[in-house]
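Q: Okay, so the sequence shown: first residue is 1 according to UniProt numbering, each after it adds one.
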Amino acid sequence: MSSSNAGITPAPAGTPPSTAWHTLTATATVESLHTNVHTGLGMPDVQRLRAEHGDNVLETAVKRGPLRMLLAQFTDVMVLVLLAAAAIAAFVGDPEDIIAIIAIVLLNATLGFVQEYRAEKAMAALGAMAAATARVRREGAEHTIAPQELVPGDIVLLEAGTVVPADLRLLELAQLSVEEAALTGESLPVQKTTAPTLDADAPLGDRTAMVYKGTNIASGRGVGVVVATGMRTELGRIAALLRADTHLQTPLQQRLTSLGRWLAVTVLVVCVAIFVTGLIRGEPVVLMFMTAVSLAVAAIPEALPAVITVSLALGARRMVKHHALIRRLPAVETLGSVTYVCTDKTGTLTENRMHVDAVRTVDNQPGESLAAAVPLSEAPLAFAQALTLCTDVQLTKDGALLGDPTETALVRWAAEQGVEMSSLRTAWPRTGELPFTSERARMTTVHATANGAHRVACTKGAPERVIPACTRMWQQGALVPVDAAAVMAYAEAMAASGLRVLAMAINSDQQPTGAAIESLEDQQVLLALVGLLDPPRAEAREAVRTCHTAGIRVVMITGDHPATARAIASRLDIIKDGVGDQEVLTGAVLRTLDDEALLARVEHARVYARVTPEDKLRIVTALQSRGEYAAMTGDGVNDAPALKRANIGIAMGRGGTDVAREAADMVLLDDNFATIVVAVREGRRIYDNIRRFVRFVLSTNAGEIWTLFLAPLIGLPLPLLPIHILWMNLVTDGLPGLTLAAEPAEADIMERPPRPPQESILAHGLWQHAVWVGLLMAALALGTQAWAIRTGHGHWQTMTFTVLTVSQLTHVLAIRSERTSLFRLGLLSNPLLLLAVGASLGLQLAIIYVPVLNSLFRTEPLSAGELVLCLAVSTVVLLAVELEKYLIRRRGLYADPARSP
Ligand code: ATP
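Structure below.
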């Protein structure tokens, strides 16, 4: 989001000024909205308010309906030129041509429309899947709903990482801070309160009892009541902000657009040359004019960028089936360039199904002594009870545990020790808290007995954060001075076996009730160490191996202990024992390195442990300065800057926050590392297919241009009529071209190095291929023409036309792979393409042999011998391309010496 409010347009005239909700007390707000903070609205009210206020959405993008999309197909400049030229031609000469031309244009527009419509649908579906959700209280229960269903009066629950779904007046909060840069330009999070701001004209940033749609909860929790939805929110008033980034071209599209322009100029020059030479040779002006225009229309690849959008969008839709949700289209094309995958550990490489594996007393006794309760005067608290109190786990109606897997594992274990969560929480209600953050790596909750006589602070967190703050420890039923070094050593040993270790401490003294919560994290009593086991995902190891063969480095970035991280990393082969130079870098060390020193270290680091989200930003920046192309995962609010910075930012669909998802290019719907690898593979495949399409289009266009350009130079009459050119390009080529997108991935797709992001799409011999194949096609067509004329075959034009058409079809079969022979791939491995080639061939035969079409397309039926000859000549292209592939395989033709695989 923008960090400045420059460019914000004023509210449209007539927008009613919003009620000054920030000046009302919480109670007054709730009353005036006729709602209830504990139960929320009832469904009848919700329905009535929804009818009255409409959806909670911003009306920004003007949606293109199908009709507009269809009409857009005809507003293409080149098509208009063609239609105009045909109209002129019909007027001055040949009225019949225009029917065929219009039919071809219609057919072409339909193909284009169907593709674009599918792409748009796919993108809309993806957009809906990527949307955030809102947690509300309605009819006395908590629900997760789509944010557009919110109505004024809804009670919304907020927590760190939520994108605020509507404008809310806050009713309750704990340490709530909100990042409001999008609205106010203030980049630091603002601490919220529930007290009203008295000044009705206070700027948004000062209305601390309000949170606004589109801002992000940076930390803490809160409850608020919806006061405005949709276009009536503050964000709605400046909705122009959201128009950003909708019609951006992907890098590939930009490059293709400029390539297209260059080709257009070349083609136009050639067309003028063909026109002029035709006139010099005495051909009719109208015919030459139509030939030049048709060739220009056919050979200028102006649709290339649009085809890219379609393949990317359809590719993105396919990727959802593999649980990778694309949020920004260019990510599909750039996935294939990834050289580094920086991944979280918990839940991504591991299953996130934790269970308590070991509980150790501070003197490393697996122990019974834990059952003893720490005496807090008359209200003792046992270790398992303290552990349970110090969690945010919720109990669902059917008794399931809801919350962070680390915490649900702890509560489950405590329950097995006989701790009953609900009654414990009633006996020791929570009176304060310092929530968990990755930076603090611990959390503290404060509880008082129901009668207020006792107060206790329970802290759990990373051992190195908790243990140093303890002065005493609970050992065999007595309080003794803490032996920090010994306990840390136990903790290290537990971590080295791959366990996630937490230390648990309490502050059991009779604290003055007014003491600041922060001070309760000092002078504590250490109770015990807990080790949790989170097994690596079964498929992760294989996925890491695939990355390695694909030239991609995998790096683990975790908030966990270095010993735990190393243990898991070696189980997954991210670190290979015995391979030198691979290191585990901790956040503490990282922070002592300046940027230059870090640059030298990132090359060898395979694991970063105990790092914070800020460190992630430095890591990704350092990798990029080394020329690497990094994908990075993240789930928290603070991960957002690193996700934005990464070349491919990846958020978690299940565990992640809305803020991380909004910042990401891709969302893993199953949070699984292996899905990243599948997405990279799919990205590579889609890029390959785009390259195939470009190769096909450029080669076939070159074939036609060479044919028409060379014919007069070698003294042959005009080989093709305008209608033939259009037919070939818009119909017989169109179908196979589109089905190239269905080409399956080549077997070695994950065995080649990543594609340099700046590499031209024409690299590795693509343009050379287009030139020589174009020349070959022209040579075959013109050779056939010359031979037919010389030997007195009256059908020479239909023969030339057929040779060109069919050689384009054999060509498309040959270029299905850049290296592998078609005979190895097998004809049936892309059935769709085979079908398209068959259909195109059928259409070609139809216009040769169906009498009505003969007159429309100016063709003549060929004899069996002529047809066989044409088909035989056309297969030369297939054989020649197979020879090229053989040379690529054997001799490294077009290989880039700087990039040997
Ligand atoms: P990853 O980056 O692989 O997801 P992580 O989940 O361990 O790693 P964080 O969530 O940042 O990273 O946690 C950092 C450390 O904080 C943990 O290693 C653990 O010691 C401690 N910790 C994690 N969850 C809690 C919690 N709910 N309460 C207290 N401490 C916690």
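Glycine included, C-beta positions come from ideal geometry on N, C-alpha and C.
1) Specify the secondary structure class of ALA244 as computed by DSSP and reduced to three states.
2) Return yes when the Cβ of ALA660 is within less than 9 Å of the Cβ of ALA646, no when it is not.
3) In whole angstroms, give me the CA-to-CA distance for ALA679 and ILE552.
4) Roughly how many angstroms lie between the CA atoms of HIS769 and ARG327, to the nearest whole one?
5) Okay, do the segment 525–536 and the segment 392–399 touch, 3+ Cβ pairs below 8 Å being the bar?
6) What residue range does the beta strand (DSSP E) around LEU867 cover?
7) Can you name, in chain order, every residue of its own chain whose Cβ lies under 6 Å from the Cβ of ALA86, other than the five neighbours on each side?
8) Do the CB positions of PHE693 and VAL307 come within less than 9 Å of each other?
9) Helix, strand or coil for ASN701? Go by DSSP, reduced to three states.
10) Does the Cβ of PHE383 lie closer than 8 Å to at least one heavy atom of the ligand ATP?
11) Distance check for ASN689 and SER760, CA to CA, integer angstroms please.
12) With burial defined as no fewer than 16 other Cβ atoms inside 10 Å of the residue's Cβ, what is the status of THR144: buried or exposed?
13) Quick one: what's ALA358 bridged to in DSSP?
14) Suppose contacts are defined by Cβ-Cβ distances below 9 Å. Is PRO722 in contact with THR291 by that definition?
15) Just checking HIS604 against the ligand ATP - is the residue's beta carbon closer than 8 Å to any of the ligand's heavy atoms?
16) With distance defined between alpha-carbon atoms, name the residue in GLN148, GLY42 and LEU80 nearest to GLY54.
17) Rounded to a whole number of angstroms, what is the C-alpha to C-alpha distance between ALA543 and ILE676?
18) Sorted by chain position, which residues of the same chain lie with C-beta nearer than 8 Å to ASN352's C-beta, five sequence neighbours on each side aside?
19) Pick helix, strand or coil for LEU762, following the three-state DSSP scheme.
20) VAL731: buried (16+ other C-beta within 10 angstroms of its C-beta) or exposed?
21) Give me the Cα-Cα distance between ARG889 and VAL852, rounded to the nearest whole angstrom.
22) Would you identify the three-state DSSP class for THR592, choosing helix, strand or coil?
23) Can you look up ASP167 in the DSSP assignment and give me helix, strand or coil?
24) Kindly give me the distance between the Cβ atoms of ASP581 and SER570, rounded to whole angstroms, as I take these residues to be in contact under 8 Å.
25) Measure the Cβ-Cβ separation of THR700 and MET777 and say whether it is below 9 Å.
26) Three or more C-beta pairs under 8 Å: does that hold for the segment 637–646 against the segment 609–625?
27) Taking only runs of the alpha helix (DSSP H) that begin and end inside the segment 86–160, which ones reach a length of at least 4 residues, in chain order?
28) Could you tell me how far apart the beta carbons of LEU424 and GLN385 are, in whole angstroms, since I believe they sit closer than 8 Å?
29) Would the C-beta of PRO461 count as close to the ligand ATP, meaning under 8 Å from any of its heavy atoms?
30) Am I right that LEU256 and PRO305 are in contact with their C-beta atoms under 8 Å? What's the rounded C-beta distance?
31) Could you check if ILE714 is buried or exposed, using at least 16 other CB atoms within 10 Å of its CB as the buried criterion?
32) Report, in whole angstroms, the separation of the C-beta atoms of GLY282 and LEU718, which I expect to be a contact under 8 Å.
33) Does the distance from the CB of VAL501 to the CB of GLY531 come in under 9 Å?
34) To which residues does DSSP link HIS447 through a beta bridge?
35) Going by the DSSP bridge assignment, what does ASN638 pair with across the sheet?
36) Can you tell me whether PHE289 is helix, strand or coil according to DSSP?
A: If we stick to the structure as given:
1) Low confidence applies here, because ALA244 scores a pLDDT of 41, under 50, leaving its location unreliable and the question unanswered by this model.
2) no
3) 13 Å
4) 35 Å
5) no
6) Element bounds for LEU867: not the beta strand (DSSP E) but the alpha helix (DSSP H), 864–891.
7) ILE98 and ILE101
8) yes
9) helix
10) no
11) 15 Å
12) exposed
13) GLY531
14) yes
15) no
16) GLN148
17) 9 Å
18) THR346, PRO405, ASP534, GLY655 and ASP671
19) coil
20) buried
21) 48 Å
22) helix
23) strand
24) Rounded, the Cβ-Cβ distance is 15 Å, inconsistent with contact.
25) yes
26) yes
27) 95–130
28) 6 Å
29) The sequence as given places Gly at residue 461; Pro does not occur at that position. Answer for GLY461: yes, Cβ within range of the ligand ATP.
30) 5 Å
31) exposed
32) The pair is not a contact, with the Cβ atoms about 11 Å apart (cut-off 8 Å).
33) yes
34) ARG430 and VAL456
35) Its beta-bridge partners do not exist; DSSP assigns none.
36) helix
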